[in-house]
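Protein chains in written order, with the numbering used here: chain A, 1355 to 1580; chain B, -19 to 293.
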Amino acid sequence: MIRFEQVTKRYPSGYEGLREVSFHIEPGEMVFLTGPSGAGKSTLLKLTGLLERCSRGQVIVDNRNLAQMPPSEIPYHRRKVGMIFQDHRLLHDRPVFDNVALPLIVAGIGWDETGKRVRAALDQVGLLKRERAMPITLSGGEQQRVGIARAVVTRPPVLLADEPTGNLDPRLSAEIMALFERFNQVGVTLLIASHDVSLIRRMGKRILVLDQGALTHDLPPGALSR
Amino acid sequence: MSRFEHLIPPPVLLAHHLQTALASLGRLSRNPIGSLMTVAVIGIALALPAGLHLILSNLQSLGDNWDGSSNLSLFLKKEAPESGGRRLMERIGGMGEVGKVKFVTAEEALAEFRRFSGFADVLDLLQDNPLPAVILVQPKEQSSDPATVEKLVELLKKESLVDHIQLDLQWVKRFAAITQIAQRGVLVLAGLLSMAVLLVIGNSIRLEIQSRHEEIEITKLIGASNAFIRRPFLYSGFWFGLLGGFFALLLVLLSAFLLDEPTSELALLYSSDFSVTALDSTSVLGFLIGSPVLGLLGAAIAVGRHLKRIEPS
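This is the structure in structure tokens:
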């Protein structure tokens, strides 16, 4: 589903975000991406979501080579890849419902269908009763769940999460992870960047470890939990 | 991959257009003073050339009224007897090229001058009438071309009673030429001010893009096409243009209304029934279509320049 082949990302400043990174994530896998700050976790996710393009090598998502994708195709690629951010990236001028509905409106889904799907997504993250609330009135954990509902409302085959539990306490973090596992059970491929090692260890999933832009370890499921 | 894979069903697209258009209008109304100022600037910029055009076309219609009557004034010699003048008038009236002919005796000319000039007191001081009798000759419409009129003048000059002939055609022609130059000027002015409108709208849209920077970024992140992101800003430009056009129309109609009464009074003094004609329906339609098109264009330019720079990171 996600394949990196000898991927190098060099920024105009000369800084190398990623160096010769190769790995392959099968459809339906749930993979954690870890490493110290500045190791290249965010860069890797940005290349996968086509927020940036790699300098060398190939990034292939859902059998499409992103290097060859023309700019006009980028929006459609992003609709296949749900993205979740540490800072939620919600629009604060509109209620929860409108935030979650945005990807469907963008994709041209009809009004009735949009309403159904938004409520289904909000139900999955346990926020059905808050659909008219403004994001600013929600707690950090709730805002993150709105962000997750927005990412899954189009039922994308791939979910990317960048430090989704970065600002949350352990109990809320566990809730979010349980949510991700549920998506994974219905076949969604997940790639989650996190530096919360104890949380990752508890999940017992495959782990990619980055250090200074290079992939140092590719640990199979359960490697650390034993 | 098929080009049509991403096509949005027309009813959904239409609903989205309507929603976006209304939302854009709503955003304008949420910043009423700023929006009103922009609309006023656009309105004034458009009203200026339109108003000048209105004045000019009115002046031209005035010129047209005279054009058909390139009148000749035959001033008779002072010593010419009135009976001789009348006989001459009848003779001229019988000529093939002449449409209408009128004899104004010296006394009538004096009375008319007294009435309209305001020099009645001065005229009273004079011992005798300084004005000659006049025969007004209006050529037939089909013989009012310059060459025929010129020939007629040559012919009438030979009459012994005629002192000299004044041809009104000349200055009608000059007048037409001047209004044509002015028309060009208005066209240039309209071009320049349309550019100004483009810039004003472009600037407003640029500010709107800046203030919605984050929203654009997030919308791009979740896979919005460029068309989707452009849409609300294009509608903003459209509304600015449309409202500016309405405002300009209002200004022009108001000016025409204010000018109408004094103009009619002035026209009455010249014993003419001329009055200001307001904009015709084509001009009004042009306003209400051209102005939103200008708005769309200004928005498109601004959006094209500034939207590309906003990329999610």
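Glycine is no exception: its CB is placed at the ideal position from the N, C-alpha and C atoms.
Task: Per-residue burial, Phe227/B [other beta carbons within 10 Å of its own, 16 or more giving buried] - done: buried
Open item on the list: I need the straight-line Cα distance from Arg67/B to Lys80/B, nearest angstrom please.
Closed with: 15 Å
- [ ] If I'm right that Asn51/B touches Val142/B with Cβ under 8 Å, what's the distance once you round it to whole angstroms?
- [x] Contact flag wrong, Cβ pair sits at about 15 Å.
Open item on the list: So His(-4)/B contacts chain A; which residues on that side make the cut at Cβ distance below 8 Å?
Closed with: Ile1459, Gly1462
Open item on the list: Does any residue of chain A have a CB that is nearer than 7 Å to the CB of Glu195/B?
Closed with: yes
- [ ] Would you check if the stretch 1429 to 1439 of chain A and the stretch 1494 to 1507 of chain A touch, i.e. whether three or more CB-CB distances between them fall below 8 Å?
- [x] yes
Task: Beta-carbon contacts of Ser97/B that lie in its chain and below 7 Å, excluding the five residues immediately before and after - done: none
TODO: Could you have a look at Pro1574/A and say whether DSSP puts it in helix, strand or coil?
DONE: coil
- [ ] For Arg1509/A, decide whether its Cβ has a neighbour in chain B, counting only Cβ atoms nearer than 7 Å.
- [x] no
Open item on the list: Once the 5 residues before and after Arg154/B are set aside, which same chain residues still bring their CB inside 7 Å of it?
Closed with: none
TODO: Assuming Thr1362/A and Arg1410/A form a contact by the criterion Cβ under 8 Å, report the distance between their Cβ atoms to the nearest whole angstrom.
DONE: 4 Å
TODO: For Tyr1430/A, return the contacting residues in chain B, with the cut-off set at a CB-CB distance below 7 Å.
DONE: His(-14), Gly203
Task: Span of the beta strand (DSSP E) around Ala1393/A - done: It is not in any beta strand (DSSP E) - Ala1393/A carries neither H nor E in the DSSP assignment.
- [ ] With a 10 Å radius around its C-beta and 16 neighbouring C-beta atoms as the bar for buried, classify Met(-19)/B as buried or exposed.
- [x] Model confidence at Met(-19)/B stands at a pLDDT of 46, short of 50, so the residue's coordinates are unreliable; what they give is reported in the following sentence. Exposed, because fewer than 16 other Cβ atoms sit within 10 Å of the Cβ of Met(-19)/B.
Task: Where His1442/A falls, given that 16 or more other Cβ within 10 Å makes a residue buried - done: buried
Task: Met(-19)/B - DSSP class collapsed to helix/strand/coil - done: Legend: pLDDT at Met(-19)/B = 46, less than 50; position of this residue unreliable, no value from coordinates given.
TODO: Report the rounded CA-to-CA distance for Asn1521/A versus Ile1490/A, giving the unit in angstroms.
DONE: 16 Å
Task: Within chain B, partners of Met1437/A - CB distance below 7 Å - done: Leu201
Open item on the list: Please report whether the beta-carbon of Leu1445/A lies at a distance below 7 Å from any beta-carbon of chain B.
Closed with: yes
TODO: Specify the secondary structure class of His1378/A as computed by DSSP and reduced to three states.
DONE: strand
- [ ] Below 8 Å CB to CB, which residues in the same chain sit around Leu169/B once its five sequence neighbours on both sides are set aside?
- [x] Leu28, Pro29, Leu32
Task: Residues that Leu1564/A bridges to, as DSSP identifies them - done: Leu1569/A
TODO: Determine, using beta carbons only, whether Pro292/B comes closer than 7 Å to chain A.
DONE: yes
TODO: Spell out a yes or no on whether the stretch 211 to 221 of chain B and the stretch 180 to 189 of chain B are touching, meaning 3 or more CB-CB pairs, one atom from each, closer than 8 Å.
DONE: yes
TODO: In the DSSP assignment, find the unbroken beta strand (DSSP E) run with Pro119/B in it and report its ends.
DONE: 114 to 119
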